[in-house]
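Residues -30 to -1, 1 to 308 (mature numbering (1 follows the signal peptide of the UniProt record, and there is no 0)) make up the sequence shown, in order. Accompanying notes for the structure given below.
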Amino acid sequence: MQRRTFLSTVALGSVAGAASALTVANPALAATTPAAGADTATNSGAAADVAAHASSGSRPFPTYFSLPDGFQPEGIAIGPGDVAYFGSRLDGSIYHASLRTGRGKVFSDGPGTPSLGMKTDSSGRLYVAGGTGGDARIIDTRSGEVLASYRFATGTSFVNDVVLTRDAAWFTDSANAVLYALPRKRLRLPSQDDVVRVPLRGDIEYAAGTNANGITETPDGSGLLVVQSVTGKLFRLDTRTGGTREVDLGGDVLTNGDGLLLHGHTLYAVLNRLNTVAVLWVDRAGLRARVIQRRTDPRFDVPTTMAAFGSRLYLPNARFTTPPEATTEYSVVAIRRW
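Given below as structure tokens:
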């Protein structure tokens, strides 16, 4: 089948997905893991298999579909509805695709710098981490219009991921020991003057390589969890003070830890170059966690992060180990969440 290149509309076919491999690291813990509660990600709490299967008589949603050649994806966000958004680390363009068909197109041109981690809110706003651009953007998912841009840093920076809490959008910086926050205001967008910078202190120590990366809330919402890719350590962050405390993983490490997703007391962590999703049980305050499964799939090719819809996790293949060319192929893989 002839493939179209980046910045073109593509017809995306579905490919039958191979069953993902599953390793149970601790059967006893797996048997006693608390049932997952409501998701923090938009649309990830959709009823049962609404995301995975259409109504009776309809075709199942594809478990694999293509992105434009040369796109270089990294971030993903889903919703409102069964629409997924992907950011290009090449030029920051945003591609949206139907999870029902796998078809999509670029609907928001980038600024020439990366679009990395991203999240959508219930009002249809897409929050995007700007990587080496040292910034963030809020995009209207209906029109593709950039509603606002925010400058976080002027020197070397790597604004990598974002999580939405009730009060703010929190962004990690893998190059600088600081967290950035955009207050979430009900009646208006935050201004540049509203940007909050929270220096990190405590247990986390930045080293050469990728530091603070994936980010999510603790199960009780009292703090944040951040994975440090270069060390494989997980930290709990106090957003008021910037204090960090290493999470007790029982001797495990999350090597190459990238995107994080919380579902109740279950934490999913993408280990990008290991082509693995680690599944952890996390206590209420986010101080103790245990790896209960390590999941892989033969279709993985350095996935970076994930978003949930119904009973599935969707992961873009960033293919970091493949030299990026205009003709390099990229894809999205869906696996069952549990």
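Beta carbons: idealized from backbone N, C-alpha and C, even for Gly. In this text, all values refer to a predicted model and were calculated from it rather than measured experimentally.
Cα-Cα separation between residue i and residue j, rounded to whole angstroms
i, j, result
"Ala(-1)", "Ile262", "Low confidence applies here, because Ala(-1) scores a pLDDT of 38, under 50, leaving its location unreliable; read the following figure in that light. Cα-Cα distance, rounded: 6 Å."
"Thr180", "Ser199", "6 Å"
"Asn242", "Thr297", "22 Å"
"Leu86", "Val129", "8 Å"
"Glu299", "Phe35", "11 Å"
"Phe41", "Thr291", "15 Å"
"Leu219", "Thr225", "12 Å"
"Thr12", "Arg171", "Because the pLDDT at Thr12 is just 44, under 50, the model does not fix this residue reliably, and the value given afterwards should be weighed accordingly. Spanning the two alpha carbons is a distance of roughly 30 Å."
"Phe279", "Gly234", "15 Å"
"Pro30", "Arg73", "14 Å"
"Arg265", "Pro160", "39 Å"
Which of helix, strand or coil DSSP assigns to residue i
i, result
"Arg112", "coil"
"Asp131", "strand"
"Arg29", "coil"
"Leu157", "coil"
"Arg307", "coil"
"Arg254", "coil"
"Arg243", "helix"
"Asp143", "strand"
Candidates the options: closest to residue i by CA position
i, options, result
"Gly125", "Arg171, Ala145, Phe56", "Ala145"
"Thr110", "Ile64, Val223, Trp140, Leu231", "Checking the sequence shown, residue 110 turns out to be Asp, not Thr. The shortest C-alpha separation from Asp110 is found at Ile64."
"Asp143", "Gly184, Leu159, Val116", "Gly184"
"residue 310", "Asn245, Gly51, Lys75, Leu157", "A query on residue 310 cannot be resolved here, the shown segment of the chain reaching from -30 to 308 and no further."
"Glu175", "Ala147, Leu195, Pro84, Leu244", "Ala147"
"Leu195", "Pro32, Pro294, Arg254", "Arg254"
"Leu149", "Ala138, Val168, Arg156", "Val168"
"Thr102", "Ser93, Pro84, Met88", "Pro84"
Exposure label - residue i; buried when at least 16 CB within 10 Å
i, result
"Ala178", "exposed"
"Thr10", "Unreliable positioning characterises Thr10 in this predicted model, as indicated by a pLDDT of 37, which lies under 50. The coordinate reading is nonetheless provided below. Buried: at least 16 other Cβ atoms inside 10 Å."
"Gly229", "buried"
"Val53", "buried"
"Pro43", "buried"
"Pro273", "buried"
Task: Secondary structure, beta strand (DSSP E): runs of 3+ residues fully inside the region 182 to 231 - done: 182 to 187, 194 to 198, 203 to 207, 213 to 216
Task: Every unbroken beta strand (DSSP E) inside the region 264 to 298 [3 residues or more] - done: 277 to 279, 282 to 286
Task: Any beta strand (DSSP E) of 3 or more consecutive residues that is wholly inside the region 70 to 116 - done: 74 to 78, 88 to 90, 95 to 99, 105 to 110
Task: beta strand (DSSP E) runs wholly inside the region 38 to 69, at least 3 long, in chain order - done: 43 to 48, 53 to 58, 64 to 68
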